[in-house]
Amino acid sequence: YGVEDALVVVTKLGPDALASIVSILPIQYLLTALSMMFASGSASHIGHLIGRKEYRRASSHMSTIILFVTTVSITIMLMFATIIGTITHFIGVNGVVLSGAMEYGQAFSFAIPFFMMQYLVSQILIVTGRGKSATALLSLGLILNIVYDFYMITFTDLGLSGTGYSTIVGTMFSTLGCVYLLYFDKKSILKRELPSKNLRILIPICKNGLPQTINTLTLAISTTLLLMFSVKLTGTESIAARSIAINLQALLNSLYIGYNQGSISLTSYFYGKEDKDRTIMMFRTGMIFSIILGLIGMVTLQIFDTVIADLFMESEYTKERVNAYLTTMSYTFIMTGLNMFVASMFVAASDSKHANLISFTRTVYLGIPVLCIMSLAFGTYGLANASIITEGLTLCLTIFLVYRHGHKCGFLKKEPFTPHLME
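Residue numbers in the sequence shown follow the numbering used here, run continuously in steps of one, and reach 424 at the last position.
Written as structure tokens, this is what we have:
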């Protein structure tokens with residue numbers, strides 16, 4: 002959707018409009034990060050309960066989680082206007098770009114509850130064994146989003162507001178469809194139960210989902226800093242060029258994230274059953290998938306970087322910027338995938354300590370400091386290579402943690418395998 006939206010917006014409304022939407026991306030990544038925390042933590046928790054055949058307890062906890070996330074998302078929607086101003090001013094945009102960002106953000110704010118809830122309910126639906134249904138609903142929601150977005154921009158005068166409204170249509174369809182299958186479909190193994198009075202279950206759920214949050218939060222923080230440094234080092238014209246790389250990165254990372262989310266659900270089920278053979282199988286399959294996808298992504302970006310730049314941009318300067326951004330992304334893609342996958346496997350095994358270590362290293366311990374130091378010290382060259390250094394060093398840590406602690410989580414063939422289930 003991001004790639005399609007960028008193409009339609011830059012064609013119909015111009016590069017300033019595209020820069021306005023990109024200015025809101027850090028906020029959307031923040032919302033996604035929070036949503037992923039609830040989704041992945043809940044999937045792991047409910048997957049363990051289903052693995053132990055505690056269906057009624059799982060249903061009650063599901064109701065508690067959905068009620069809590071609904072409350073949080075509505076609260077965020079009400080305070081969204083303040084967040085828009087803070088982020089856009091921090092980045093440094095102004096004038097037409099700033100007014101466009103406010104216009105788009107105000108329309109998008111009404112989609113926030115559905116935007117956040119679709120992650121949660123689709124993951125719970127997957128962990129109940131309805132992965133095909135969840136995929137179908139999310140895909141149909143995406144199609145509705147794209148079609149309505151094209152219609153609003155092409156045939157109405159709503160401009161960027163229409164793009165925001167299209168998000169409401171797509172996310173609302175996916176969310177309500179998943180909720181219906183969870184609560185009202187006869188095939189669902191989870192039933193309508195009153196929310197659990199034990200709200201302390203939210204603490205381990207959030208804790209176990211934190212690594213996935215940090216992975217997505219990396220995008221939010223790095224995107225904000227990248228846009229800020231891009232404005233200062235290369236001017237506002239580079240924001241539109243940067244947006245192409247950001248949207249493609251989101252598209253490619255979604256392949257990792259989607260696979261990882263499904264792996265968390267299935268691996269947590271095998272882990273809860275103490276089925277070590279299938280737990281090992283999930284780990285090995287995921288590693289192979291991450292490596293193959295990373296290599297394909299790297300080669301594809303290297304081959305088609307010029308084609309992509311010509312498709313979206315007109316000036317030679319912005320085309321060169323797009324080529325440079327895509328080249329950097331091609332080198333980091335495979336390392337990003339391996340780091341994200343291993344962190345998700347630790348989540349599935351309820352080992353939030355080492356999952357958090359990988360995620361915090363990518364973001365806090367290395368990501369932010371390296372980006373700032375390299376940009377300030379080496380300018381555009383440092384800005385381009387900061388992500389390569391961060392992901393490479395994090396990958397070294399990831400390999401060490403798998404070698405040192407993988408057998409305890411059932412990833413490696415070494416006894417004993419004693420699951421530490423989340424209560």
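For each residue, glycine too, the CB sits at the ideal point set by N, CA and C. None of the values given here were measured: they were computed from a predicted structure.
Residue j beta carbon less than 8 Å from that of residue i
{"i": "S264", "j": "S140", "result": "no"}
{"i": "S255", "j": "M299", "result": "no"}
{"i": "Y272", "j": "G407", "result": "no"}
{"i": "V323", "j": "A246", "result": "yes"}
{"i": "F342", "j": "G259", "result": "no"}
{"i": "M118", "j": "S189", "result": "no"}
{"i": "A356", "j": "T214", "result": "no"}
{"i": "P27", "j": "I77", "result": "no"}
{"i": "L32", "j": "F116", "result": "yes"}
{"i": "I85", "j": "G101", "result": "no"}
{"i": "S61", "j": "S197", "result": "yes"}
{"i": "L372", "j": "L249", "result": "no"}
{"i": "G210", "j": "M37", "result": "yes"}
{"i": "L177", "j": "V23", "result": "no"}
{"i": "T65", "j": "I202", "result": "yes"}
{"i": "D150", "j": "T136", "result": "no"}
{"i": "I335", "j": "I292", "result": "yes"}
{"i": "Y270", "j": "I113", "result": "no"}
{"i": "L396", "j": "T362", "result": "no"}
Endpoints, alpha helix (DSSP H) assigned at residue i
{"i": "S162", "result": "161 to 184"}
{"i": "K133", "result": "132 to 156"}
{"i": "M314", "result": "Note, M314: premise wrong, no alpha helix (DSSP H); not H, not E."}
{"i": "R58", "result": "56 to 79"}
{"i": "G15", "result": "Careful: G15 lies outside any alpha helix (DSSP H) and carries neither H nor E."}
{"i": "G101", "result": "96 to 109"}
{"i": "K414", "result": "Neither: K414 is in no alpha helix (DSSP H) and is coded neither H nor E."}
{"i": "T364", "result": "That residue, T364, is in no alpha helix (DSSP H); it is neither H nor E in DSSP."}
{"i": "L396", "result": "381 to 406"}
{"i": "I190", "result": "Taken as a continuous stretch (DSSP letters only), I190 belongs to no alpha helix (DSSP H), as it is neither H nor E."}
{"i": "S123", "result": "113 to 128"}
Among the options, nearest to residue i - alpha-carbon criterion
{"i": "G160", "options": "F116, A18, I190", "result": "A18"}
{"i": "F290", "options": "Y257, L145, V308", "result": "Y257"}
{"i": "T168", "options": "V148, F156, L402", "result": "V148"}
{"i": "G368", "options": "I389, N199, T381", "result": "I389"}
{"i": "S123", "options": "A108, M229, M63", "result": "M63"}
{"i": "S162", "options": "E194, F111, A59", "result": "F111"}
{"i": "T337", "options": "T364, L302, I25, E392", "result": "E392"}
{"i": "L183", "options": "C207, L138, Y326", "result": "L138"}
{"i": "C207", "options": "V10, R53, C373, V70", "result": "V70"}
{"i": "I400", "options": "M282, L358, L296", "result": "L358"}
{"i": "L394", "options": "M80, L339, Y120, K409", "result": "L339"}
{"i": "S68", "options": "R405, L195, Y404", "result": "The question names Ser, but residue 68 is Leu in the sequence shown. Among R405, L195, Y404, the Cα nearest to that of L68 belongs to L195."}
{"i": "K13", "options": "S134, D158, V97, T72", "result": "D158"}
{"i": "S175", "options": "M153, L145, D150", "result": "L145"}
{"i": "F109", "options": "R57, Q29, K133, S223", "result": "Q29"}
{"i": "Y326", "options": "T224, L294, F91", "result": "T224"}
{"i": "P16", "options": "F379, P205, C397, F313", "result": "F313"}
{"i": "L191", "options": "E315, Y181, L200", "result": "Y181"}
{"i": "Y56", "options": "I125, V11, R285", "result": "I125"}
{"i": "V9", "options": "G380, Y152, T280", "result": "Y152"}
{"i": "S316", "options": "A82, L200, A242, G96", "result": "A242"}
{"i": "R279", "options": "E104, F91, K414", "result": "K414"}
Reduced DSSP secondary structure (H/G/I, E/B, other) of residue i
{"i": "E424", "result": "Note that E424 scores 42 on pLDDT, short of 50, meaning its location in the model is unreliable; the coordinates nonetheless yield the value given after this. Three-state result, E424: coil."}
{"i": "N199", "result": "coil"}
{"i": "I369", "result": "helix"}
{"i": "R322", "result": "helix"}
{"i": "S351", "result": "coil"}
{"i": "R53", "result": "coil"}
{"i": "D276", "result": "coil"}
{"i": "M229", "result": "helix"}
Between the segment 348 to 358 and the segment 34 to 51, can you find at least three pairs of beta-carbon atoms closer than 8 Å?
Touching, yes.
Taking contact to mean 3 or more Cβ pairs, one atom from each stretch, closer than 8 Å, check whether the segment 43 to 54 and the segment 123 to 141 are in contact.
Judged by Cβ distances under 8 Å, the segment 43 to 54 makes contact with the segment 123 to 141, as three or more pairs qualify.
Per the contact definition of three or more C-beta pairs closer than 8 Å, is the segment 374 to 390 in contact with the segment 301 to 319?
Judged by pairs of C-beta atoms under 8 Å, the segment 301 to 319 does not touch the segment 374 to 390, as fewer than three such pairs exist.
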